[in-house]
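J.: Numbering of the sequence shown is given in my numbering, commencing with residue 52 and proceeding in unit increments.
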Amino acid sequence: MQDINFKVDSTSRLAAAIRTVMGLSHKKAKQIVYTGKVRVDGKLVLDPAHPLKAGQTIDVNWTRPKPKQGRVASEYLVYRDAELIVLNKPAGLLSTSTSQAERDTALTVARTLCRGGKPPHVVHRLDKDTSGLILFARGTKAARQMRLLIDANEVQRTYFCVVNGIPTPAEGTISSTLLRDNGQGRRGSRDGSFRTQKPTKTLSIETPKYGKHAITHYQSVAQEGRRSAIEVHLQTGRTHQIRIHMAELGCPLLGERVYARQADAPRHALHAGRLSLPHPFKSEKLDFNAPWPDDLEKLTPIGVNW
């Protein structure tokens with residue numbers, strides 16, 4: 052293929068712009084970015100979901116050598132020691148693989164960064180299109196300890212999201228029993244189980260006969276028109292929990308395409324922005340922050356500083 056240089060006409064993601072201009076498949080466009088062939092305004096970019104603005108220049112050069120895996124992985128590194136590793140996962144990257152063909156995941160990035168030491172173990176997951184902080188434990192002993200800390204509600208995960216609607220009440224705790232299929236062919240709360248109440252620091256986690264008990268603590272921090280900026284604290288970490296609870300509250304995430312029809316964002320507007328936990332083997336508290344991503348910046352109500 053020939054080298055190409057072009058200007059971006061409108062906001063989009065890097066892989067999408069390359070795919071459109073070069074007539075490539077989405078998989079091939081992502082591969083070009085991952086292998087270090089692309090520069091944006093003269094700077095190497097390795098994230099296919101990198102947000103673009105109109106007027107930026109994209110340069111694709113096929114002769115550029117592939118960057119070392121360690122360099123690619125280090126783009127996502129937030130923290131690493133002998134027991135833990137924390138990454139800032141971009142949207143579009145899976146947490147772990149769901150098939151043999153999927154090699155680009157947060158777990159493979161963590162493995163690259165842990166070479167020569169104890170391997171990473173999955174502690175929790177983020178949806179593919181959710182960006183932000185993801186934690187891995189290094190070694191089986193650390194993994195066991197981290198699961199105990201999560202079960203004891205010692206690991207505080209704070210998510211930022213922008214929703215379509217004004218939550219009522221503005222601050223509260225949501226509790227429901229989540230099912231894999233709520234009768235509509237998708238995940239959701241069991242009929243009659245969804246309830247909201249005044250803010251409660253923790254609730255007792257129940258063990259229903261069917262499904263899993265899910266508890267979400269939320270607070271509206273700003274509004275602009277019908278858009279609200281919400282901070283969410285998870286007490287439980289069920290699949291799609293925040294997306295389901297916000298939709299069932301009547302305030303679906305902007306960009307939500309499964310639990311609502313919100314085609315007003317490049318992806319669902321959800322970001323894992325803060326992570327706080329005691330170190331599993333040291334008497335110290337760890338606090339991490341990941342700023343609100345550029346690709347969602349225009350969606351944020353005025354006055355929000357995440």
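We treat Cβ as the ideally placed atom computed from N, Cα and C, and that holds for glycine.
No experiment lies behind these values; they were computed from the predicted model shown.
(1) Going by DSSP, what residues sit across from L138 in a beta bridge?
(2) Is N356 a contact residue of the ligand HEM, with contact defined as CB to any heavy atom under 6 Å?
(3) If G223 sits next to Y261, beta carbons under 8 Å apart, how far is it from one beta carbon to the other, in whole angstroms?
(4) Using three-state DSSP, classify H296 as helix, strand or coil.
(5) Can the beta-carbon of V309 be found closer than 7 Å to that of I293?
(6) Check A152 in the structure and name its three-state DSSP category.
(7) What does DSSP give as the partner residues of H322 in its beta bridges?
(8) What's the gap between the Cα of D338 and the Cα of K192?
(9) Let me know if A152 comes out buried or exposed under the rule of 16 or more other beta-carbons within 10 Å of its beta-carbon.
(10) Report buried or exposed for D180, applying the criterion of at least 16 other Cβ atoms within 10 angstroms of its Cβ.
(11) Is it buried or exposed, G354, if we count other Cβ atoms within 10 angstroms and call 16 or more buried?
(12) Would R325 and T209 qualify as a contact pair, given that the criterion is a beta-carbon distance under 7 Å?
(13) Strictly by DSSP, which residues pair up with E335?
(14) Please state whether DSSP places R176 in a helix, a strand or coil.
(15) Name the one or two DSSP bridge partners that R278 has.
(16) Only counting the same chain, and skipping five residues up and downstream in sequence, which positions put a Cβ closer than 7 Å to that of L254?
(17) Could you give the first and the last residue of the continuous beta strand (DSSP E) run that contains D110?
(18) Which residues bound the beta strand (DSSP E) around L230?
(19) Hey, how far is the Cα of T351 from the Cα of L158?
(20) Can you name the start and end residues of the beta strand (DSSP E) that T247 belongs to?
T.: Taking the structure as given:
(1) L128 and I185
(2) Within the structure as shown, the ligand HEM is missing, as the structure has no ligands at all.
(3) With 8 Å as the limit, G223 and Y261 do not qualify as a contact, their Cβ atoms being about 25 Å apart.
(4) Correct three-state label for H296: helix.
(5) no
(6) Residue confidence for A152 is low, a pLDDT of 48 falling below 50, so the modelled location carries little weight; the figure read from the coordinates is stated next. A152: coil per DSSP, three-state reduction.
(7) S182 and F211
(8) 21 Å
(9) Model confidence at A152 stands at a pLDDT of 48, short of 50, so the residue's coordinates are unreliable; what they give is reported in the following sentence. Exposed: under 16 other Cβ atoms inside 10 Å.
(10) Using a 10 angstroms sphere on the CB of D180, the tally of other CB atoms reaches 16 or more, which defines it as buried.
(11) exposed
(12) yes
(13) Note: E335 sits in no beta bridge, so no partner.
(14) coil
(15) N215 and E275
(16) T224, S226, I266 and Q286
(17) T108 to V111
(18) That run of the beta strand (DSSP E) goes E222 to L230.
(19) 30 Å
(20) In this chain, the beta strand (DSSP E) harbouring T247 covers R246 to Q248.
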